[in-house]
Amino acid sequence: MPELPEVQCVVNTLNRIQSRTIERVTINAKQLREPLSDTLADQLVGKRIVRLSRRAKFIVIELSEGFLLIHLGMTGKLLINAAAQNHDHVIIDLSGGLSLTYNDTRRFGLIAYSECLESSRHLAGLGVEPLEPVFCGQWLFDNTRGVKRNIKTYLLDQRHVVGLGNIYVCEVLYLCGISPFRPAGAIGEQDAEMLAREIKKILRKAIDLGGSSISDYRDANNAKGDFQQRFHVYGREEDRLGNEVNYQKVGGRGTFWVDAIQA
DNA sequence: CCTGTGCCCTGACAGC
DNA sequence: TGCTGTCAGGGCACAG
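Our numbering runs 7 ahead of the 1-based position in the first sequence.
Printed below as a string of C-alpha cells:
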C-alpha cells in the first residue's frame, strides 16, 4: 500500500506522540512479515519518543535509546488513539493517555527495535532517497548504464532508489512518456533528467495531498489521502485524453501504460 | 552477478 | 448462497 508519500504523511501526522514515554506494549500477533521479537516490549517500555522520521518506506521512531522501525507493507496502518479493530497486532500505550496501534490486515509489515540505524539489517542496502539532491538526472543516467532490466523494475528496486512503489512508478513513466518495458540502460540523458525531475515532483505533490488511498491507506489520524484522484493510468481504463490504458503484469506487478504516449 | 518466479497473508470482487 | 479464481500499494528467498 504505502509508498514514500504515504509513509511521509504518516510520519507527519505522528507529531503528537513526540516526547511521550512508552508505558506499555501489547503484542497480539506472533508474526508479521517476520516473527515479532520476544524482547520487543521490554526494549520499548520506559523509553521516550524523541523524533520521528522516514527512511525509504520505513517509519523511524527515535527513542531516548535506540530506534523503532515500522514498515507498513501493503495494508499496514499506524493509528493514534484508534478504537480496537480486527488485525490490531501491536498496541503501544504512551504517557498522556495516547496510544499507537499497528493494524495490518495482510501482515506484510514489520516492527523491529534497533540499537542503531547503521547496524540495522532492515535498512542495510537501501538506495538513495529520491527527494534528496543526490538523486538527480545525472545519478539516474550514470547508474543505469549497462542495466538490461526494464526501467519499471529498476525504479521499484529499493537497492537503487527508495520509496517508489507500483503506483508512482506507473504514473511517473506515463508523465515522462517512457514505456515501462524500455531497458533501464536505454534511458538517455534527457529522459533521465526528466524522470528524476518528475519523480521528485510527483512525490512532493502526493505528500501535499495527503498520499493516495486506494482502499486501506490512512494517516496516523485515520484520514484518507486525495492523490488517487490525480492518477493518469493507475487503476484506470482510459487516461485523461481518452487513450486506452493497457494493463499487464511486469515483474509480477500490475502495470498500467498508454501505447500512444509511452515509447 | 543478474533476473524471473513464487510465496508470505487476508479480504474484496467477479463469475459460475 | 456459496464456491473458486484473481487481484491488491511490498519485499524476500530461491532457482537458473
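A virtual CB, placed ideally from N, CA and C, is assigned to each residue, including glycine.
Exercise for the section: With distances taken Cα to Cα, identify the nearest neighbour of K212 among G192, F234, Q50. Expected result: If you compare the alpha carbons of G192, F234, Q50 with that of K212, the shortest gap goes to F234.
Handout entry: Candidates S102, P12, S106: closest to D95 by CA position
Key = Ranking the options by Cα distance to D95, first place goes to S106.
Practice task
Within its chain, find whatever has a CB closer than 7 Å to the CB of L43; leave out the 5 residues flanking it on each side and keep chain order.
Solution key: Correct list, in chain order: I34, A36, K37, I118.
Practice task
Taking only runs that begin and end inside the stretch 134-178, name each unbroken alpha helix (DSSP H) of 4 or more residues, in chain order.
Solution key: 144-151, 158-163, all fully within the stretch 134-178.
Practice task
Alpha carbon to alpha carbon, how far is P190 from N253? Give it in angstroms, no decimals.
Solution key: Those two C-alpha atoms are separated by around 19 Å.
Problem - Residues near E72 by beta carbon distance below 7 Å, same chain, minus five either side - result: Closer than 7 Å at Cβ, skipping near neighbours: K54.
Problem - Residues of its chain near S102, where Cβ-Cβ distance is below 7 Å and the 5 sequence neighbours each way are ignored - result: The answer, listed in chain order, is R27, T28, E30.
Handout entry: Under the three-state DSSP convention, the category L65 falls into
Key = Looking at the sequence itself, residue 65 is Phe, so the reference to Leu does not match. Three-state result, F65: strand.
Practice task
Compare the Cα-Cα distances from V154 to each of F142, G144, C143, H167 and report the closest residue.
Solution key: Looking at the Cα atoms, H167 is the closest of the given residues.
Problem - Where N35 falls: helix, strand or coil (DSSP) - result: Here N35 sits in coil by DSSP.
Problem - Residue from L162, E205, V18 with nearest C-alpha to P187 - result: Ranking the options by Cα distance to P187, first place goes to L162.
Practice task
Go to V18, then tell me how far its alpha helix (DSSP H) extends in each direction, as first and last residue.
Solution key: Start and end: 11-19.
Problem - Close-in-space but distant-in-sequence residues of the same chain around Q50 (CB under 8 Å, 5 per side omitted) - result: Within the same chain, Cβ atoms closer than 8 Å to the Cβ of Q50 are found at S44, G73, Y120, the five residues on either side in sequence being excluded.
Handout entry: Beta carbon of Y224 nearer than 8 Å to that of G232
Key = Yes, they are a contact pair.
Exercise for the section: Please check the pair T160 and V257, which I expect to be a contact at CB under 8 Å, by giving their CB distance rounded to whole angstroms. Expected result: The pair is a contact, with the Cβ atoms about 7 Å apart (cut-off 8 Å).
Practice task
Could you have a look at S126 and say whether DSSP puts it in helix, strand or coil?
Solution key: When DSSP states are grouped into helix, strand and coil, S126 belongs to the helix group.
Handout entry: CB of N173 within 8 Å of CB of G83, strictly
Key = The criterion of a C-beta distance shorter than 8 Å is not satisfied by N173 and G83.
Problem - For I99 and L47, the rounded distance between their alpha carbons - result: Their backbone Cα atoms lie some 11 Å apart in a straight line.
Exercise for the section: Report yes if the CB atom of I209 is closer than 8 Å to the CB atom of V169, and no otherwise. Expected result: No, Cβ-Cβ distance for I209 and V169 is not below 8 Å.
Problem - Own chain partners of E205 with C-beta closer than 6 Å, once the 5 adjacent residues on each side are dropped - result: Leaving aside the five residues that flank E205 on each side, the residues in its chain whose CB is nearer than 6 Å to its CB run, in chain order, V179, L182, C183.
Exercise for the section: Use the C-beta contact count for I158: other C-beta atoms within 10 angstroms, 16 or more gives buried, fewer gives exposed. Expected result: Residue environment analysis places I158 among the buried positions, since at least 16 neighbouring C-beta atoms fall within 10 angstroms of its C-beta.
Handout entry: Member of R114, L130, V57 whose CA lies at the smallest distance from the CA of E41
Key = The alpha carbon of E41 has as its nearest neighbour, out of R114, L130, V57, the alpha carbon of R114.
Problem - D95 in three-state terms, based on DSSP - result: DSSP places D95 in strand when its eight states are reduced to three.
Exercise for the section: Can you tell me which of the three DSSP states Y224 falls into? Expected result: In the structure shown, Y224 sits in coil (DSSP, three-state: anything other than H, G, I, E or B).
Handout entry: Cβ neighbour criterion (16 or more within 10 Å) applied to G218
Key = Taking a 10 Å sphere around the C-beta of G218, we find 16 or more other C-beta atoms and assign the residue as buried.
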